[in-house]
């Protein structure tokens, strides 16, 4: 991934967008607020309009923990796609790219999740919808 005046250059493709970690910070994060590192139990399923899915961990997206600079690209090689493409510039292969990104979710996994201050019985889900 190389920065350039026209966006990021990712394996020969020029992409523009915002970091996924910045998008996810806009909404509430699920997790057990009793634990200092509750965000380490959060995963982010990304779903394409054709049903293709990948799951990322919130920790790998957070620059304080990981180096995965996922980017929902709103401009790809000069084109404006109908839906963003989720690009993972640090991946050696584009296998986790999600073309036609339709939905992002935040899900708390494992442990005893807390939802709105009360204990829940299943995964705490928050639709990103961005």
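In the working numbering, the protein residues as written are 695 to 824. In this text, a Cβ means the ideal position worked out from N, Cα and C, and glycines have one as well.
Query: Whose CA, out of 761, 785 and 753, lies closest to the CA of residue 718?; Result: 753
Query: For residue 802, report the span of its beta strand (DSSP E) as first-last.; Result: 795–802
Query: Could you check how far apart the C-beta atoms of residue 748 and residue 737 are, in whole angstroms? I think they sit under 8 Å.; Result: Not confirmed; about 10 Å, so no contact.
Query: In the segment 713–762, which residue ranges form an unbroken alpha helix (DSSP H) of at least 4 residues, counting only runs that do not cross its ends?; Result: 714–718 and 752–755
Query: If you follow the beta strand (DSSP E) that residue 766 is part of, which residue opens it and which one closes it?; Result: 765–770
Query: Could you tell me if residue 807 is buried or exposed, where buried requires 16 or more neighbouring beta carbons within 10 angstroms of its beta carbon?; Result: Below a pLDDT of 50, predicted positions are generally treated as unreliable, and residue 807, at 41, falls in that range; the measurement from the model is reported next regardless. So residue 807 counts as buried.
Query: Can you find the residues in the same chain that come closer than 8 Å, C-beta to C-beta, to residue 774, ignoring five residues on each side of it along the sequence?; Result: 768
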